[in-house]
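Structure record follows, encoded as structure tokens.
Protein chains in written order, with the numbering used here: chain F, 1380 to 1918; chain P, 1380 to 1918.
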């Protein structure tokens, strides 16, 4: 088993079949220049992942067929393994084409089709439980390649153990084309499971993962290869586009790399930056508008946006009301200065008063409450959207996972925006990442006072967040992954709290139905991966 | 085959396992009083349909188990067929329990699990392709019952033809427990397919369908039974809760009913009223707030809300700006008077001017455009939300399918609201239903001028909707069901229009991501049944 393999960790764009095809053709040429025998692309490289309901459009599937044939024409003297949506036998397949010498010589179809969380591949694709190695001749030697697609590796919940079957049927190497979305520490799980497969099979394993942001999902790359002894033959950067290479002689890495030491928090930061950047650039926007409250959430979002888009493309606005404390405005201003972003202050008072006066008749005889609190948030949301419309920019929402879960946010108010960069980070993660960013900068870009002060929405007098985040943030996370209630009661010793928090999550589903997409960085984010009924009387 | 069967067309609530169990126990008692031999409940009667990610909660599944056993205890001298979520063999099943004499004597699991459009049952449930009749003894005679669940009937796209298999294996009658959501003319399809099954099998077919609104979905009931000659043995009302009965002697209906003549537009109206009513009442609200523009969409929504909730529970607000025509205010006022709903006028001008003045510095040197148009809509949205918050009411959005598709609506503006009653009706449907409602009322409740005038958003001078709805509305509908582009070009003879409309749908996906839930009345509505990427470069 002597092969040199290219791992094409490329940032494709969903739907851009032509553009992706060009990138694929160029990568094939590059790999040929480097004398690679095989180039392995990520899952559904040609159309981007996940294509969702585009798969139901005839024109889209036809375009996949046309372009895969075009790629085949341009492929000589190398084996290219290219993912695309294939219509065959009247059904749709999550496929890879095995291309050699200008021809598609074989196809492999994904067998284990994930249909949980953000994945719904059984909505689109068929499968057959019959893994077979691909026969190719490279440099006059014939090889059996064990080609599989993403979830085929993660066979725990499936009947068919694809990797094992492939090896049993003679595969000398496993080549996995993946689109595995980022989440914190996922890289460790990937290394662990692939090492396990190598230990079991004693064949090398090459894993190319997609890179790039797609709506809520961030594909972090981190492609790698292990040789038949489980040693690293390649390890590619997190959240960066690149083509990597690995070379095997008798199944052993020609260059053995030392085991990588993933930096969990740096990987998180890099993933968020990639997610922001790609959402903006792939949507045709360069500039972000952010409401700066002086609090930690908006400060972190501003810092991330600055790193993702550049300080000159970030517009921060403080929008104080009579309930805002002095330090709010000061902290917001200091943050903007530290980051070097645009900054202005627009008081919400005139609009707020104008609404109250127009609503006087309708509000007569009622006391200050939810309507008035929300109104302030909605005036702010409207200001930010007006500014974004005028500047052709996108508003970033600043809610974190804990407060979004508890409904501690206003629809059409602070929930206004195109993307929620930290909507899957709980309040403790927000503090942790903020401190890390300050460390990286080497000074307190996010003002220390912002980190130290008590969190408050400042929508009413003397209002502070009524939660002990040290307890509530992890509790919310656990409830969202359906950790059994009795275990949580055991852990917190506070059944009333557990039930109250669960209840708050339940009764605020309607807000999240209308929330902006948010970047997913855990195994259970809000958004497409969580489908809760709005009308729901389960207690 | 001599049996009397009760069809329990009951309005269950998702998650209300206890309450649903009580309703089931009461229905069983009623059916026993009527000397029914069997009572057939809808799909997942015990937990409500669709339970979505509640299925992933241990406590929910446990509650299903506890309550199905409780129901069993209370069931004597009748066979009850009750749907629930069952955990068995470590897997989850969309099941019915066959209950007799205080015991669960058998289970049937759904085989064809729909996973398309709004359905995602493969996300939750397992299946085995082995349909088997249930053996029961009733009045000392043993019967083979062909019990199946909803999609098992609609076997076109599935390998397993459940009905056929059941009859082949001796089933003397088919009992189908369904949760089939309403869409226009769906009742005709149901009758046609069941008649086809009866013609093929020569056994009677009893079909109990769920009734009630659940978020976007409306279950319309319309349960019925055909005898072994395809004659109607029962036919139950659309969109009303009831228990119906059918009696067979030697497989023939004891009382043959004449074939029903569904009233398509009345069924649509009834379904929408049910959808509104259940969304409000099941969420604990009684009152609706609606912005009345004087246009046809808001007029129709107000009329529907009035019929669903009662005139005293509907609050209409006209919110004119300087761009509003005189007739807008007059028509809105007239409508409110005709319907007898609350009405008030709140000019948006003071708030609009207040925003412009606070944004003066930022807007300096720019001309009137999108930001200013959206701003008016957002001031209106904020007014309505403030009123709803104060009155503990829900805002109804008034967008129709055509304008939502084209993005002719403002996020956080006219898109503010809890529910979109007409978001799946295209502009022509809106006119049709409005005329029908006036006919039913016997006078022009919706003012004739509202029906006759040219549609306009009135967000700028002399602005009229730039679409010929006679062409564009059906074109949009066809594009949403993925009718091939070439056919649409053939039909319209206007390739530029087809591509332009398609492009408008594509670039406005981000708005619909954050849209309120809307009542689904066609085979392809926006919302959970349509999953398009936001970043999408497919042309």
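Each residue gets a CB set at the ideal place from its N, CA and C atoms; glycine is no exception. These numbers come from a predicted model, not from an experiment.
- Scanning the stretch 1812 to 1855 of chain P from its first residue to its last, the whole alpha helix (DSSP H) runs of 4-plus residues come out as 1827 to 1831.
- If you check the CB distance, residue 1722 of chain P and residue 1760 of chain P do not come in under 8 Å.
- Per the coordinates, the alpha-carbon of residue 1789 of chain P lies some 6 Å from the alpha-carbon of residue 1753 of chain P.
- For the stretch 1895 to 1916 of chain P, residues whose beta-carbon sits nearer than 8 Å to a beta-carbon of chain F comprise 1895, 1896, 1907, 1909, 1910, 1911, 1912, 1913, 1914, 1915 and 1916.
- Cβ proximity to chain P below 8 Å picks out 1861, 1863 and 1864 from the stretch 1842 to 1866 of chain F.
- Taking C-beta separations shorter than 6 Å and ignoring five residues to either side along the sequence, the partners of residue 1550 of chain F in its chain run 1512, 1523 and 1525, following chain order.
- As the crow flies, the alpha-carbon of residue 1588 of chain F is around 39 Å from that of residue 1882 of chain F.
- The bridge partners DSSP lists for residue 1514 of chain F are F:1523.
- Counting only Cβ-Cβ distances below 8 Å, residue 1729 of chain F has contacts in chain P at 1733, 1736 and 1737, in chain order.
- For residue 1583 of chain P and residue 1571 of chain P, the gap between their C-alpha atoms comes out near 14 Å.
- For residue 1656 of chain P, there is no enclosing beta strand (DSSP E); the enclosing alpha helix (DSSP H) has its first and last residue at 1643 to 1662.
- Identification of chain F residues near residue 1594 of chain P by a Cβ-Cβ cut-off of 8 Å yields 1912, 1913 and 1914, ordered along the chain.
- Close to residue 1584 of chain P, with beta-carbon spacing below 9 Å, lies no residue of chain F; the smallest spacing is near 29 Å.
- In this structure, DSSP gives residue 1889 of chain P a helical state, which the three-state scheme calls helix.
- Taking 8 Å as the CB threshold, residue 1892 of chain P lines the interface with chain F.
- By the Cβ neighbour-count rule, residue 1392 of chain P is buried, with 16 or more other Cβ atoms within 10 Å of its own.
- Chain F has no Cβ within less than 8 Å of the Cβ of residue 1810 of chain P.
- For residue 1661 of chain P, the chain F residues whose Cβ falls inside 8 Å of its Cβ are 1914 and 1916, in order along the chain.
- Shown here, residue 1560 of chain P sits in a strand according to DSSP, grouped into three states.
- Within the stretch 1415 to 1441 of chain F, the residues whose Cβ lies closer than 9 Å to some Cβ of chain P are 1426, 1427, 1429, 1430, 1431, 1432, 1433, 1435, 1436, 1437, 1438 and 1439, listed in chain order.
- Inside the stretch 1670 to 1754 of chain P, DSSP marks whole alpha helix (DSSP H) runs of 4 or more residues at positions 1675 to 1688, 1705 to 1718, 1728 to 1737 and 1739 to 1742, from first to last along the chain.
- In this chain, residue 1398 of chain P is not harboured by any beta strand (DSSP E); it is covered by the alpha helix (DSSP H) spanning 1396 to 1412.
- Of all residues in the stretch 1520 to 1554 of chain P, none places a beta-carbon less than 9 Å from a beta-carbon of chain F.
- For residue 1767 of chain F, same chain residues with a beta-carbon under 7 Å away, outside a window of 5 residues either side, are 1668, 1773 and 1774 in chain order.
- Straight-line spacing of the CA atoms in residue 1563 of chain F and residue 1573 of chain F works out to 18 Å.
- Looking from the CA of residue 1616 of chain F, the closest CA among F:1653, F:1596, F:1633 and F:1610 belongs to F:1653.
- Taking the CA atoms as reference points, residue 1683 of chain P sits about 60 Å from residue 1543 of chain F.
- With the criterion set as a beta carbon lying under 8 Å from some beta carbon of chain F, the members of the stretch 1388 to 1402 of chain P are 1392, 1393, 1394, 1395, 1396 and 1398, in sequence order.
- Closest in alpha carbon position to residue 1626 of chain F, among F:1877, F:1383, F:1662 and F:1871, is F:1383.
- Counting every other CB atom within 10 Å of its CB across the protein chains shown gives residue 1509 of chain P a total below 16, marking it as exposed.
- Counted as a single uninterrupted DSSP element, the beta strand (DSSP E) harbouring residue 1587 of chain P occupies residues 1584 to 1588.
- Here residue 1909 of chain F is actually not in contact with residue 1793 of chain P; their C-beta atoms are around 27 Å apart, not less than 8 Å.
- In the three-state reduction of the DSSP assignment, residue 1760 of chain P falls in the helix class, which pools H, G and I.
- For residue 1755 of chain P, the closest alpha carbon among the candidates P:1662, P:1728, P:1853 and P:1685 is that of P:1728.
- Under the three-state reduction of DSSP output, residue 1768 of chain F falls in the helix class.
- Out of F:1609, F:1836 and F:1812, the CA that lies nearest to the CA of residue 1825 of chain F is found in F:1812.
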